[in-house]
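Residue numbers (this note's numbering): 334 to 1052.
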């Protein structure tokens, strides 16, 4: 029995709001010709939504001509133009001329323009892949300034962006269905002919788990729901299906189509993006990876090629942006500058990548309940097991990259098995907590990327680190600080040195020799010899991202002088500034991110002059004031504000005109705060409000007007 994977009109769920938006753009938009677009990953329902708009009474009554063209990945322009003309001729009751099929591109373009002239038209180009598509058809789409529209559906946002050079555009990015919408669509498909379209009580739990696997992707929901509509409706059958869902997706002829549709996006990737995309499979399913982490690993692997006038990091960021624009990678969190901070791939995309890993021997995966013995050549290993005996079963002589996940604590003995893997370029241990760093770490002389998570509070990095002459990125995570040896200054290729708290007590002068550093954070200056460290920092001419802790007041002029030498500095981050220490206010490149703590007096008068500040954290443990007043005109670019740990604070006032760009507000540990901040309604761009550890009575005392505003205008609110 064939399973219908199409989302029929009567089964559409979650499209009413985007449908209304699109119709408004089409009917009530500007007079100039405009490109209206729907962007989303394969299987998200772009064509279904476009069809609902195309066939709506509003569109039929508004346009003289409606033309629907399905665009293949390898289209030819003459074919598209002929298709357009044939459909136009049909609508006007005309026939093509005798030499129609001999007409060249120029003649076809002229004929299309002639037919569309003075007519209000809409032409839908469904499933466009080529970013140069607009160049091919733009001239044929004549602009008679009468409200005509070109409607494009695509998986690739860059297809739409390319239209900007000669047309107005409107772009709608389709979002995944919510869990409730997903259940509604699934039930319509799975129980279409029984149970009145409702899920029986005994299957609700299993149904929820199956639907969750689809992550809001209509194609998967419809296909799986359609398949289950043919199965027995009993708990045993459905639980067995859920447990074997990954296998079903690979082997069931009715579901293989899902993977095939998703694989089209992979096939369309340029050669340089394919390994970058496959890299998302080394991380576990539904794993949020920081964008900086994955792009630096791409660089270490050699996937990123140099481009004139750009750093490798900038090129890699461009690669990631392209994968996002192609709807293959999802942005899970944003940086304060609006770029991707965290990203992940859809579960079904992840499954498809794992299949590619097997096909191309890209990466092997080892888990507690999976394959443990590997005999063939392995280039990359992704591990979620803590078994020390693992290395007796694996030939690691060819392994170039090793990833460990699971948040499990390990002893340094785990390194013994790894020590025979001498060709490693990438070693990512952020998923395991170690209690010690082995002294022979320097044996991995080919390493370019090293990341370690520690479970102990004070760590002395071994001297052998100085032997890793090829190291490009070093990440040290842990609960407290890392004491760096003087030998680390030998790492002349190191560009990114990141730690929870880095002590340079042995490196007071040597840090200035590490000329390649672009990222250095977080360096604690709460040491003897801080002045020497501060002076040496001024020699790091390439530094772009600098994080400092505990800046001493008495070295303010030296500090300012050194920072002002860093002409490429983009992200100065200054944490734990004391009461007496306003030195950061006099920098040529003032900080964009600031943590201010231990202040007795009100810091706002001084801080509001930081015109480029994007993120501010006020940890006012010693603040004696009862009020914080954000006055009109202050903090014009601020996007994130956290006020925390202030026991005495009673009131927060926000004037109209203060913090107009604020998107996130967090109030934590303000036990005596009496009300929601007065004037919170002035924060028109506020998208997230988080309130924790405050007086339980705050909800009752705050005005109904303030609460109503929050409920209506703040999308994410947590109390």
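Every residue gets a Cβ at the ideal spot worked out from N, C-alpha and C, and that includes glycine. A quick note: this is a predicted structure, and the numbers were derived from the prediction, not measured.
- By the criterion of a C-beta distance shorter than 7 Å, residue 504 is surrounded in its chain by 370, 372, 493, once the five residues flanking it on both sides are discounted.
- Secondary structure at residue 938: helix, using DSSP grouped into helix, strand and coil.
- Annotation for residue 855: 834, 880, 882 place their beta carbon closer than 6 Å to its own, counting only its chain and skipping 5 residues before and after.
- By the criterion of at least three beta-carbon pairs nearer than 8 Å, the region 812-831 is in contact with the region 843-851.
- In the structure shown, the three-state DSSP call for residue 996 is coil.
- By the criterion of at least three beta-carbon pairs nearer than 8 Å, the region 473-480 is in contact with the region 449-461.
- Take the alpha-carbon of residue 868 and the one of residue 605: they are about 42 Å apart.
- Taking a cut-off of 8 Å on C-beta distances, the region 651-663 touches the region 608-627, as three or more cross pairs fall below it.
- In this structure, the CA atom of residue 805 is about 19 Å from the CA atom of residue 816.
- Following the DSSP letters along the chain, one finds residue 814 inside the beta strand (DSSP E) bounded by residues 814-816.
- Looking at the DSSP output, residue 666 bridges to 675.
- In terms of Cα proximity to residue 949, the closest of 972, 630, 684, 497 is 972.
- The Cβ atoms of residue 686 and residue 590 do not sit closer than 8 Å to each other.
- Where residue 698 is concerned, the enclosing beta strand (DSSP E) starts and stops at 697-699.
- By the 16-neighbour rule on beta-carbons within 10 angstroms, residue 439 is exposed.
- In this structure, the CA atom of residue 625 is about 26 Å from the CA atom of residue 943.
- For residue 1026, there is no enclosing beta strand (DSSP E), since its DSSP letter is neither H nor E.
- Boundaries of the alpha helix (DSSP H) harbouring residue 493: 490-494, taken from the DSSP string.
- Distance from the Cα of residue 631 is smallest, within the candidate group 441, 672, 647, for 647.
- Using a 10 angstroms sphere on the CB of residue 890, the tally of other CB atoms stays under 16, which defines it as exposed.
- Restricting attention to 619, 368, 413, the CA atom closest to the CA of residue 490 is found in 368.
- DSSP places residue 1042 inside the alpha helix (DSSP H), whose first and last residues are 1037-1046.
- The beta carbon of residue 865 lies closer than 8 Å to those of 841, 842 in the same chain, with the five residues before and after it left out.
- DSSP places residue 895 in the uninterrupted alpha helix (DSSP H) bounded by 889-897.
- Around the C-beta of residue 826, fewer than 16 other C-beta atoms lie within 10 Å, and the residue is accordingly described as exposed.
- Closest in alpha carbon position to residue 832, among 536, 1052, 404, 857, is 857.
- Where residue 713 is concerned, the enclosing beta strand (DSSP E) starts and stops at 713-716.
- Going by DSSP, residue 755 is part of no beta strand (DSSP E) at all; its letter is neither H nor E.
- The alpha carbon of residue 513 has as its nearest neighbour, out of 907, 551, 786, the alpha carbon of 551.
- Per the coordinates, the alpha-carbon of residue 627 lies some 45 Å from the alpha-carbon of residue 399.
- The alpha-carbon of residue 379 is positioned some 47 Å away from that of residue 1003.
- Sequence-distant Cβ neighbours of residue 985 in its own chain, meaning closer than 6 Å and more than five residues away, are 961, 1010.
- Residue 880: member of the beta strand (DSSP E) spanning 878-882, first to last residue.
- Minimum Cα-Cα distance from residue 682 among the listed residues 592, 756, 716 corresponds to 592.
- For residue 813, the number of other beta carbons within 10 angstroms of its own is below 16, and it is reported as exposed.
- In the DSSP assignment, the residues bridged to residue 485 are 370, 458.
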